[in-house]
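Numbering (the numbering used here), first residue to last: 673 to 992.
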């Protein structure tokens, strides 16, 4: 497994991965990434790298990620990932078209100077999923983009949960996976064309640093009706019966220029086994009692559940 996974470290652009201690470029040496200050981060046999300087108290366990992986495999998030794929594909095509124009202009200048036009260059696009969990969303997106973009696509995912990253690396050896703190991301400035942040906490200052000058940040947040059937069943008498994402949107707008906001909303008939996994993975169910969960699952063998997402699409704001 490690031999296949090691290939990604030979294909990513030089200087992309940096030391979380001193911010110097990490170089591949045998089965480790090492900086000039000799800070060393070993590549695990599953193919991921643990960039954390100390082990955190994990908020999410392996069972949660296993549930989320099964829910994803059942197609529950396909409506969301399909829309994300469309947005990303359009953006990468726009960037590639602009790069081709720039290459043509460079060739014309070289010819006017009597120089060789040079070889046609293959472009590289880089995507980061920050807070990727077990990697289901990123892997679905990469599969959707396969063969649709010219040049090489570099996909990376980081999460503070070692359990999630281990699952991601095992299932998707062709991508760069790292256990990392979003407050100290192990990537150089301007490294990514697209940064995804899907139903996960964010660190906007780090996103701004890592995003290319004309890149996009795409943050997915719950819509007001996301899992409303579960919310009503488990929180009918609490302040969590309703939900507003206004504060999250306002915080995003303080850090990025909001160039677009898209809603993805659909209803699905959920099988019992998928409902159990959905309850395992959503924070809405974590404080509910066992009897509440049992009654909800017993009430309707195939409930209709609402999936409501809002995609915030932003660009860098300069002179903040």
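Beta carbons are placed, not taken as given, at the ideal position from N, Cα and C, and that holds for glycine.
Remember, it's a predicted structure, so these values are computed and weren't measured experimentally.
When secondary structure is reduced to three states using DSSP, residue 871 falls in the coil class, being assigned neither helix nor strand. According to the DSSP secondary-structure assignment, residue 830 is paired through a beta bridge with 802, 850. 9 Å or more divides the Cβ of residue 688 from the Cβ of residue 928. For residue 906, the enclosing alpha helix (DSSP H) begins and ends at 900–906.
With respect to the C-alpha of residue 680, the residue from 705, 694, 692 having the closest C-alpha is 705. In this structure, the CA atom of residue 683 is about 32 Å from the CA atom of residue 748. The alpha carbon of residue 978 has as its nearest neighbour, out of 767, 814, 947, the alpha carbon of 947. Taking the CA atoms as reference points, residue 740 sits about 9 Å from residue 954.
Its Cα nearest to that of residue 864, the residue 798 stands out among 926, 807, 798. Going by C-alpha positions, residue 802 is about 13 Å away from residue 888. In the DSSP assignment, residue 730 falls outside any beta strand (DSSP E), carrying neither H nor E. Shown here, residue 701 sits in a strand according to DSSP, grouped into three states. Under the Cβ criterion (8 Å, minimum of three pairs), the stretch 691–709 does not count as touching the stretch 801–815.
From the listed residues 849, 861, 917, 885, the smallest Cα separation to residue 897 is found for 917.
Counting C-beta pairs closer than 8 Å gives three or more between the stretch 890–908 and the stretch 975–989, which meets the contact rule.
Shown here for residue 727: not one same chain residue has a beta carbon closer than 6 Å to its own, the five before and five after excluded. Residue 876 is a Cβ neighbour of residue 923, given a cutoff of 9 Å. Distance from the CA of residue 932 to the CA of residue 755, rounded to the nearest whole angstrom, comes to 13 Å. For residue 842, the CB contacts under 6 Å within the same chain, skipping 5 residues up- and downstream, are 718 in chain order.
Between residue 870 and residue 850, the C-beta gap is not smaller than 9 Å, which leaves the two residues out of contact.
For the pair residue 975 and residue 732, the Cα-to-Cα distance works out to about 26 Å. Counting along the chain, no beta strand (DSSP E) covers residue 814; the unbroken alpha helix (DSSP H) around it starts and ends at 808–817. Membership of residue 978 in any alpha helix (DSSP H) is not indicated; the residue belongs instead to the beta strand (DSSP E) covering 976–988. Here the C-alpha atom of residue 988 lies approximately 17 Å from the C-alpha atom of residue 760. For residue 937, the secondary structure class from DSSP, reduced to helix, strand or coil, is strand. Residue 722 sits in a strand when the DSSP states are folded into three classes. One alpha carbon belongs to residue 746, the other to residue 813, and they sit about 15 Å apart. Taking the C-beta atoms as reference points, residue 757 is found nearer than 9 Å to residue 816.
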